[in-house]
Structures are given as C-alpha cells and as structure tokens.
Amino acid sequence: MTTGSLLAADLVIAVLASAAWLGGGAASAVRRRPLALGLAAVALLATLARAVTITALARAGWWFAAEKVLIAAPLSLAAVGVAGPRLLRAPGDIRAVAVPLLFAGYATSSALLVTVLHGYPASAGAGLLAVAGVVAATLISGRALDARPSRTLSRVAVVAAGAALVTGTGLTVASGAAPGVPHDHEYPVARIAAEPTRRFTLTAGTATVNAGGRDVAAWAFNAQVPGPELTATVGDVLEVTLRNRDIGRGVTLHWHGYDVPNDQDGVPGVTQAAVRPGQEFVYRFRADQAGTYWYHTHSASDVGVRMGLYGVLLVRPGPVTGLDVTVPVHTLAGRPLPAPRVERAEAGVPVRLRLINTDSTTHRYALAGTAFRVAAIDGVDLRGPTPLVDTAILIPAGGRYDLVFDAPATPVSLFVDGRAVYSTGAVSTVTDAWPVLDPLGYGASAPVPWSRFDRTFTLVLDRGLDLRRLLPRYAHTVNGAADPDIPPQVVRLGDVVLFTIVNRSQVVHPWHLHGHHVLVLARDGGPATGSPLWLDSFDVRPGEVWKVAFRADNPGMWANHCHNLAHADAGMTLHLLYS
Ligand SMILES: [Cu+2]
Numbered sequence: 019m020t021t022g023s024l025l026a027a028d029l030v031i032a033v034l035a036s037a038a039w040l041g042g043g044a045a046s047a048v049r050r051r052p053l054a055l056g057l058a059a060v061a062l063l064a065t066l067a068r069a070v071t072i073t074a075l076a077r078a079g080w081w082f083a084a085e086k087v088l089i090a091a092p093l094s095l096a097a098v099g100v101a102g103p104r105l106l107r108a109p110g111d112i113r114a115v116a117v118p119l120l121f122a123g124y125a126t127s128s129a130l131l132v133t134v135l136h137g138y139p140a141s142a143g144a145g146l147l148a149v150a151g152v153v154a155a156t157l158i159s160g161r162a163l164d165a166r167p168s169r170t171l172s173r174v175a176v177v178a179a180g181a182a183l184v185t186g187t188g189l190t191v192a193s194g195a196a197p198g199v200p201h202d203h204e205y206p207v208a209r210i211a212a213e214p215t216r217r218f219t220l221t222a223g224t225a226t227v228n229a230g231g232r233d234v235a236a237w238a239f240n241a242q243v244p245g246p247e248l249t250a251t252v253g254d255v256l257e258v259t260l261r262n263r264d265i266g267r268g269v270t271l272h273w274h275g276y277d278v279p280n281d282q283d284g285v286p287g288v289t290q291a292a293v294r295p296g297q298e299f300v301y302r303f304r305a306d307q308a309g310t311y312w313y314h315t316h317s318a319s320d321v322g323v324r325m326g327l328y329g330v331l332l333v334r335p336g337p338v339t340g341l342d343v344t345v346p347v348h349t350l351a352g353r354p355l356p357a358p359r360v361e362r363a364e365a366g367v368p369v370r371l372r373l374i375n376t377d378s379t380t381h382r383y384a385l386a387g388t389a390f391r392v393a394a395i396d397g398v399d400l401r402g403p404t405p406l407v408d409t410a411i412l413i414p415a416g417g418r419y420d421l422v423f424d425a426p427a428t429p430v431s432l433f434v435d436g437r438a439v440y441s442t443g444a445v446s447t448v449t450d451a452w453p454v455l456d457p458l459g460y461g462a463s464a465p466v467p468w469s470r471f472d473r474t475f476t477l478v479l480d481r482g483l484d485l486r487r488l489l490p491r492y493a494h495t496v497n498g499a500a501d502p503d504i505p506p507q508v509v510r511l512g513d514v515v516l517f518t519i520v521n522r523s524q525v526v527h528p529w530h531l532h533g534h535h536v537l538v539l540a541r542d543g544g545p546a547t548g549s550p551l552w553l554d555s556f557d558v559r560p561g562e563v564w565k566v567a568f569r570a571d572n573p574g575m576w577a578n579h580c581h582n583l584a585h586a587d588a589g590m591t592l593h594l595l596y597s
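Position 420 of the sequence shown, counted from 1, bears residue number 438 in our numbering, the numbering being contiguous throughout.
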C-alpha cells in the first residue's frame with residue numbers, strides 16, 4: 019500500500035469512527051438499543067483499526083503522522099477507555115451510555131479536525147483546543163441529557179480551556195515562523211550589454227478566441243492563444259517588450275524553466291512591479307540554455323495563465339534538422355485548444371515532438387505507431403535514453419518532454435488523456451492500458467556531483483485553516499503556513515542545497531523552483547537510477563517524499579511554489595533568498 023493510499027484510508031477510517039461514535043451516542047440517547055450497540059461496535063473497531071494506519075504512517079515518515087500520534091492517538095485511547103468499559107457492562111437502560119459514547123465521538127472528531135484544519139507540524143495549542151472542545155461538548159451534552167457531569171471532567175475542562183486560551187493562537191503559528199518575505203531587497207544583477215539579436219513585442223489584452231469550435235473570452239498575447247512562439251538560437255540575446263493593453267489584474271512575463279537573471283524573472287512584488295494597462299516592461303537576457311521552455315504571466319497567475327497569457331519559448335542549439343513540432347497542451351474555458359497543424363515527414367526523417375503541459379494538472383501522453391526516445395525533460399537532454407514502445411508519459415503542470423523518433427512509413431498519433439491531438443493518419447491502437455514511464459529509472463546514470471550539502475530544507479505540503487487574513491481561508495500550506503507567512507529559505511551563493519519535499523495532502527502538487535534546475539536524488543527512499551534528471555517541474559503525489567538538490571548559483575529572490583496555480587494562489591508559495 020502506498021503512503022498516499024494509507025493517508026486516504028486513515029482519513030476514511032477516522033471519519034467512519036467519528037460518525038459511528040456520534041451516531042451511537044445519539045441512538046442511545048433516544049433508546050434505540052440495537053442501533054446504538056451496532057454503531058458502537060463499528061466505532062470501536064474503526065478506532066482500533068487506526069492503530070494500524072497511524073503506525074504505518076509513522077513508519078513512512080514522522081511528517082505523515084505527527085499530529086495523529088500526538089493528538090489523535092491519545093484522544094482515541096480516551097474514547098475507547100471511557101466508552102468501552104461502560105458498553106461491556108451492558109447497561110439495562112441504554113441511555114446510560116449516551117454521554118460516554120458522545121464523549122468518544124467528540125474526542126475522535128476533534129482529532130480529525132486537527133488533521134484536516136491544522137495538519138503539520140502538530141502544536142500544543144491545537145492539542146489543547148481539541149481537548150477543550152471535547153470537554154465542553156461533553157459537558158453540554160451531559161446537561162442536555164440530564165446526566166450528572168463528573169467532577170473530574172469539569173476540572174479537566176476548566177484547566178484545558180484556560181491553557182487553550184493562553185496558547186490558542188498556536189493553532190495558526192507554526193514553530194519558528196518568521197515574518198513575511200521582505201520585498202524591498204535589491205540585488206546587483208549583471209545587465210546584458212550585448213546588442214539584442216532577437217526582438218519581440220508581446221501585447222497583452224482581452225480577446226475572443228476559438229476553442230474547440232466555440233468563441234470564448236480569453237486574455238491573449240498579440241490576440242492569439244497561445245501567444246507567439248518565441249524562437250532563438252543558443253547565444254542570441256533576447257529582447258522582449260511586454261505591453262499591457264487592458265488586463266486590469268496586471269501582466270508580467272515569467273520564463274518558465276529558463277534560469278534568467280533574477281530581475282528578468284517576472285514575478286510581481288518580488289522581482290518587478292506588475293505591468294498595468296498602458297505600461298510596458300522590457301526583458302532582456304541571453305539565451306544560453308537550449309531546449310523547450312514556455313513563458314507565462316505571473317501576475318494573478320492562476321486566472322492569467324488559464325485565460326491564455328502564455329506561449330512557447332524555444333531555444334535551438336543550431337539549425338533545424340528534420341521535423342520539429344511543438345505541442346503545447348492547454349485547456350481554455352473547459353475545452354482543449356486545437357493541436358498544431360500536422361506536417362507530414364518522409365519516412366526516415368528525424369522528428370522531434372516538444373510536449374508542453376501549460377495546464378495546472380498532470381496530463382497523460384501516449385505516442386502510438388512508432389518507437390520513440392525521450393530526448394530531453396524540462397529542456398535538459400537525458401543521458402543514454404533507450405527506445406520506448408507502447409509506453410505512456412505523465413507530464414506535470416509546467417513540464418516539458420521532447421520525444422524523438424524517425425518518421426515511419428505508417429501513421430503515428432499522439433494521444434493526450436485518450437484524445438488524439440496530433441495524427442499523421444488513423445491509428446487504431448488503444449493506449450489506455452499502457453504502462454507509464456518512470457523517468458527516475460530511464461536512461462544511463464551518472465554520479466551525483468555532490469557528496470555533502472551546505473543547507474537542507476524540508477517542505478511539508480498540506481492543507482490547513484489560515485486565520486491570519488481578514489477572511490479565514492482553507493489554504494494550501496507549506497510547513498503549516500501559507501503565503502506570505504512561510505519563512506523564506508535562505509542560502510548563500512555557492513551553497514549546495516538539499517530539499518526534502520513531502521506531500522501529506524490528498525492531491526498532487528507539481529513543484530516549481532524559479533531560477534534553478536534541481537537534480538532529483540531520490541523518491542520515497544529509492545534513489546534515482548536513470549539519467550541525471552534536472553527538472554524545474556515535478557509532481558509530488560500524495561504520500562510521496564522527494565529529495566532534490568541544486569547549487570545556489572543564481573543570486574536573488576526566487577519564487578518556489580506549487581505549479582497548480584490555484585494552489586499557489588491559495589497559499590502554496592514561498593521564496594528562496596540569497597543572503
Ligand atoms: Cu499544489
């Protein structure tokens with residue numbers, strides 16, 4: 019069983035236990051004896067079953083189980099300890115066990131709330147609030163049912179409530195939380211003095227575009243979605259003038275995966291101010307990384323990218339040989355945008371398909387009708403890629419895969435989530451059952467260039483209640499905090515930095531660090547055995563633990579966030595800062 023399934027199973031069992039205890043309490047209060055006993059039996063079994071899931075999660079990593087061991091387990095033990103013996107005494111009047119059963123229900127429910135609303139790391143404040151809530155609810159139930167509250171219970175209530183009041187704010191304050199990222203830092207950045215060799219102008223504006231046969235409202239660069247394809251050759255100096263015609267939320271250009279100087283990175287409030295309607299900003303950088311990249315607005319990025327403010331950035335090492343096709347996949351107004359015009363290649367001509375996922379969720383790609391190799395991921399060539407046949411590929415949000423093959427005499431077809439997006443003829447292959455490529459084991463390995471790390475950071479991805487804003491929100495959190503309250507990770511130029519990224523939530527988080535490619539070292543304790551994987555976007559699935567490293571060689575302040583842009587907007591953004 020994967021840790022992700024364990025997390026889900028534990029959650030389901032916890033909900034079942036809470037509901038059964040509460041249901042049993044309610045049934046006994048109205049003297050429905052068989053129902054009360056049945057529900058209590060289910061509750062008891064479910065509560066005991068959590069001993070198994072919590073132990074297994076603790077073995078997978080303390081991050082997955084901290085609050086369950088420290089808060090849920092003691093409360094569950096109290097629930098069983100209080101309700102169990104009273105049930106075994108088989109009371110003549112079932113109503114006599116109503117309050118103990120309700121107590122058990124409140125205990126397991128409050129533990130569940132700590133997991134769902136508070137998450138990682140566990141805090142004393144959360145535990146005390148949970149206990150105080152249980153005691154208060156039990157006392158109120160006792161009054162309502164006319165049962166005499168025990169003196170001990172009352173004393174515990176007063177002490178716990180008082181302590182919770184004192185430390186109550188601990189619910190939202192992660193230990194060691196630092197103030198928000200200062201946004202007034204200035205970094206000396208080497209400006210590029212060379213004459214630009216590739217000049218482009220991108221004008222952002224509202225537009226109506228055709229998506230899947232229907233006209234829809236969009237935000238577009240130069241009135242087209244995707245925006246113009248920007249191409250360059252390694253060594254070129256790009257100069258891109260961004261103008262904003264009428265996008266009220268502001269616009270910037272972020273060069274996704276391109277490790278530009280910090281002041282060209284296009285993150286509003288961090289590296290520049292958003293470009294408002296009527297304003298412009300000129301980006302200039304040297305194209306010194308070959309490969310498949312893309313650009314997109316980073317201002318109100320969730321809405322902006324979804325509405326169409328993105329395009330392809332392609333840097334070639336030299337003249338094009340063979341057929342070179344970019345396939346940016348995007349969903350606009352709920353409809354997939356049409357694929358590029360299909361060009362046919364003579365049999366034997368080398369073909370490169372550059373797949374780009376510009377959506378916020380993972381897509382499944384399947385290339386039918388030919389064997390192929392994955393030549394590059396996230397713009398970086400792989401070492402010794404071997405031919406693949408009938409193998410699907412998962413590309414995370416923001417990620418790019420370059421597939422290469424020699425054009426066969428027969429048709430080929432590229433399917434995305436089962437839909438043919440690029441076909442040179444009818445291919446009847448069913449691709450649904452194809453195995454999925456694991457890039458961590460693909461290609462030829464090479465030694466990791468570092469044996470020690472100057473800095474190590476752990477990022478625990480979760481959800482939690484964020485009470486620090488005017489309106490509370492159910493945020494996507496990192497180490498229990500949400501943007502802008504997540505402490506920055508501070509490094510020095512030249513440091514070798516290790517990130518451990520843990521997903522204890524129920525959803526995938528495509529991780530994206532700006533300004534650096536990271537080398538994947540391990541996933542779930544298993545080392546990467548294939549070609550060195552230098553990624554800028556990678557899916558951390560529920561229950562997974564990734565270890566990635568990089569050399570801090572690009573000074574500045576860099577966004578470090580989930581590329582499911584709705585998650586990034588809902589708190590899952592922090593910053594890497596050079597001291
Ligand atoms: Cu996410």
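All residues carry an ideal CB built from backbone N, CA and C; glycine is no exception.
Local Cβ density within 10 Å of residue i, reported as buried at 16 or more and exposed below that
{"i": "Val300", "result": "exposed"}
{"i": "Pro346", "result": "buried"}
{"i": "Ser141", "result": "buried"}
{"i": "Ile519", "result": "buried"}
{"i": "Ala192", "result": "Confidence is the limiting factor: at Ala192 the pLDDT is only 42, short of 50, which leaves the residue's position unreliable, though a coordinate-based value still follows. Label assigned to Ala192: buried."}
{"i": "Ser319", "result": "buried"}
{"i": "Gln290", "result": "buried"}
{"i": "Gln524", "result": "exposed"}
{"i": "Val619", "result": "As shown, the chain starts at 19 and ends at 597. That puts residue 619 outside it, with no answer to give."}
{"i": "Asp598", "result": "Past the edges of the chain, shown from 19 to 597, lies residue 598, and the structure says nothing about it."}
{"i": "Val466", "result": "exposed"}
{"i": "Arg481", "result": "buried"}
{"i": "Pro528", "result": "buried"}
{"i": "Gly512", "result": "exposed"}
Distance between beta carbons of residue j and residue i, contact taken as under 8 Å
{"i": "Gly340", "j": "Pro368", "result": "4 Å"}
{"i": "Ser94", "j": "Thr126", "result": "6 Å"}
{"i": "Glu562", "j": "Asn497", "result": "The Cβ separation is near 17 Å, so there is no contact."}
{"i": "Ala462", "j": "Gly544", "result": "In fact, because the Cβ distance is near 18 Å, the residues do not count as touching under 8 Å."}
{"i": "Leu551", "j": "Leu477", "result": "In fact, because the Cβ distance is near 18 Å, the residues do not count as touching under 8 Å."}
{"i": "Glu298", "j": "Leu260", "result": "6 Å"}
{"i": "Leu432", "j": "Leu385", "result": "5 Å"}
{"i": "Ser317", "j": "Val269", "result": "5 Å"}
{"i": "Ser258", "j": "Leu248", "result": "For the record, residue 258 in the displayed sequence is Val; it is not Ser. Confirmed, Cβ separation roughly 7 Å."}
{"i": "Val132", "j": "Ala155", "result": "Rounded, the Cβ-Cβ distance is 15 Å, inconsistent with contact."}
Residues near residue i by beta carbon distance below 6 Å, same chain, minus five either side
{"i": "Val422", "result": "Arg370, Arg391 and Ala393"}
{"i": "Leu595", "result": "Pro506, Val508 and Met575"}
{"i": "Gln282", "result": "Tyr301 and Phe303"}
{"i": "Leu412", "result": "Thr380, Arg382 and Val454"}
{"i": "Asp408", "result": "Trp452"}
{"i": "His535", "result": "Trp552 and Asp554"}
Residue i, enclosing beta strand (DSSP E) - first and last residue
{"i": "Ile413", "result": "Ala410 to Ile413"}
{"i": "Asp233", "result": "Arg232 to Phe239"}
{"i": "Val117", "result": "No beta strand (DSSP E) contains Val117, which is instead part of the alpha helix (DSSP H) from Ala116 to Leu131."}
{"i": "Pro505", "result": "Pro505 -> no beta strand (DSSP E), and no H or E assigned at all."}
{"i": "Arg104", "result": "Arg104 -> not in any beta strand (DSSP E); alpha helix (DSSP H) instead, spanning Ala91 to Leu106."}
{"i": "His585", "result": "Note, His585: premise wrong, no beta strand (DSSP E); alpha helix (DSSP H) at Leu583 to Asp587."}
{"i": "Val343", "result": "Leu341 to Val347"}
{"i": "Glu298", "result": "Glu298 to Arg304"}
{"i": "Ile395", "result": "Arg391 to Ile395"}
{"i": "Leu373", "result": "Pro368 to Asn375"}
{"i": "Pro528", "result": "His527 to Leu531"}
{"i": "Arg481", "result": "Arg473 to Asp484"}
Residue interval of the alpha helix (DSSP H) (run including residue i)
{"i": "Ile72", "result": "Arg51 to Ala78"}
{"i": "Met325", "result": "Ser319 to Met325"}
{"i": "Val153", "result": "Ala142 to Ala162"}
{"i": "Leu458", "result": "Unbroken run through Leu458: none, as it is neither H nor E."}
{"i": "Val30", "result": "Thr21 to Ala47"}
Sequence-distant residues of its chain with Cβ nearer than 7 Å to residue i (five each side left out)
{"i": "Gly397", "result": "Gly275, Gln307, Gly309, Thr310, Tyr311 and Arg418"}
{"i": "Val33", "result": "Leu130"}
{"i": "Thr215", "result": "Asp254 and Val255"}
{"i": "Asp377", "result": "Val347, His348, Thr349 and Ala415"}
{"i": "Ala444", "result": "Pro429"}
8 Å Cβ shell around residue i - same chain, five flanking residues per side excluded
{"i": "Ser597", "result": "Val508, Val509 and Arg510"}
{"i": "Arg49", "result": "Asp111, Ile112 and Arg113"}
**Request:** Could I get the ranges of all uninterrupted beta strand (DSSP E) runs contained in the segment 541 to 567, with 3 residues as the minimum, in chain order?
**Result:** Counting only unbroken stretches of 3 or more residues, the beta strand (DSSP E) elements lying wholly within the segment 541 to 567 are 556 to 558, in sequence order.
**Message:** Beta-carbon distances below 6 Å to any heavy atom of ligand 3 define the shell here; list its residues in chain order, please.
**Reply:** In terms of ligand content, the structure shown lacks ligand 3 and carries ligand 1 instead.
**Item:** Complete runs of the beta strand (DSSP E) confined to the segment 407 to 451 [at least 3 residues]
**Value:** With a minimum length of 3 residues, the continuous beta strand (DSSP E) runs that stay inside the segment 407 to 451 are 410 to 413, 418 to 424, 431 to 434 and 437 to 441.
**Inside the segment 244 to 288 only - beta strand (DSSP E) runs reaching at least 3 residues** = Entirely contained in the segment 244 to 288, the beta strand (DSSP E) runs reaching 3 residues are, in chain order, 248 to 251, 255 to 262 and 272 to 274.
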